[in-house]
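Here the structure comes first, spelled out in structure tokens, and everything after it is commentary.
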Amino acid sequence: MRFDLARFTAPGSAEHAAECRTHHSRTAAVRGPADHDELLRVRAAIATRPSVADPDARTRTIDGVPVRVISPTRPARGVYLALHGGGFYLGSAVRSDPRHRDLADALDVVVVAPDYRLAPEHPWPAAGDDCERVADWLIDHSVDEFGKSTLLIGGASAGATLALTTLLRLRDRGRSDAFAGAVLTFGTYDISGRTPMGRAIDDEYFIDAYVGHVDDRSVPDISPIFADLRSLPPSLLTVGTADVLLEHSVVLASRLALADCDVELNVYPDAPHAFTGAPTAMAASAWADIYRWMSARL
């Protein structure tokens, strides 16, 4: 396991941390809807926001799953399966178009972003089933469709969880080697309610919406911290010290290392959950680190 402390000691790190603290102190703390009624209100509010759709993105259906496809302006070096966050009950591929356009052109990758089914209308395992189907399709068709066989997978928050569980599903069928790496950004890896870090978020509505019908939430497809993690591709874990989910990434990185997986853990001082979406130097630094890691695997 590689854990670089330079983000805490490098020139400018104190200033970046201070800027991060100041920015996030002025914005509302990240928390999800408290119940179904609030979830519907949040969805309605998001629907009224100005469009951020990339004019060159294509929408298509892959094995029954709608996806957004953003191609780079230069010849592609690979394909990135990008799974959006949103607590399993919010989010969409199109809202990530600006980031995916930047990523596509910075790394020369085709970005394929599924609109997986959301809870509570479609609880577990619907989202994972959709992500697995798209991953399988890319393994089988990426060369014919995009001219490249190099695949990466990743996501943030719930998207990171789904990226990991997708790899576990593929690994169990002998297919995870098709992916050259996984970008796992402040994911939720334990919603079992059985451990201190799981109990810390046990009252969140997203858990009830996503897996409220499940008696044992420690199954690896829900809480991948409990999985056999052997034979997974290299992974980059990103998290901030002010994130309630910090322990999730630290424990997962340790367990991946114990399973002899190639893992890098990047921790950013004073950064809260979802900090990579903020206009701060800390977020820019994290994205630069992510892009460097991805580029090395294309």
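Here full-length UniProt numbering is used: the first residue of the sequence shown is 1, the next is one more, and so on. Every residue, glycine too, gets a C-beta built ideally from N, C-alpha and C. These figures come from a predicted structure and were not determined experimentally.
For Tyr291, the enclosing alpha helix (DSSP H) begins and ends at 281–295.
Counted as a single uninterrupted DSSP element, the alpha helix (DSSP H) harbouring Arg41 occupies residues 36–47. The segment 233–250 makes contact with the segment 179–196; the number of CB pairs closer than 8 Å reaches 3 or more.
For a cut-off of 8 Å, the C-beta gap from Gly32 to Phe275 is around 16 Å, too long to register as a contact. The residue from Asp270, Ile201, Val111, Thr48 with its alpha-carbon nearest to that of Asp56 is Val111. Residue pairing of Ile207 in beta bridges, as defined by DSSP: absent, with no partner found. Membership of Leu83 in the beta strand (DSSP E) is indicated by the continuous run 78–83. By the neighbour-count definition (other C-beta atoms within 10 Å, threshold 16), Arg217 is a buried residue. The residue among Pro120, Ser249, Asp129 with its C-alpha nearest the C-alpha of Arg169 is Asp129.
Rounded to whole angstroms, the separation of the alpha carbons of Ser249 and Leu151 is 23 Å. Within the segment 98–181, the complete alpha helix (DSSP H) runs of at least 4 residues fall at 126–146, 158–172.
For Leu252, the three-state secondary structure derived from DSSP is helix. Minimum Cα-Cα distance from Gly187 among the listed residues Ser176, Ser231, Leu265, Trp137 corresponds to Leu265. At the C-beta level, Pro224 and Thr280 stay beyond 8 Å of one another. Burial state of Phe226 is buried, judged by a 10 Å Cβ sphere holding 16 or more other Cβ atoms. When rounded, the separation of the alpha-carbon atoms in Leu298 and Asp202 is 38 Å. Residues of the same chain with a CB within less than 6 Å of the CB of Ala278, apart from the 5 flanking positions on each side, are His23 in chain order. Only residues of its own chain outside the window of five on either side were considered, and among them Pro66, Arg68 have a CB closer than 7 Å to the CB of Thr59, listed in chain order. By alpha-carbon distance to Ser285, the top candidate from Met1, Phe3, Arg2, Ala17 is Ala17. Considering only Lys148, Met197, Val109, Gly240, the residue with the shortest C-alpha distance to Arg7 is Gly240. Burial of Gly78 is indicated by the presence of at least 16 other C-beta atoms within 10 angstroms of its C-beta.
The Cβ atoms of His84 and Gly159 sit closer than 8 Å to each other. Arg60: member of the beta strand (DSSP E) spanning 58–62, first to last residue. Residue Leu107 holds the alpha-carbon nearest to the alpha-carbon of Ala288 among Ser51, Cys20, Ile70, Leu107.
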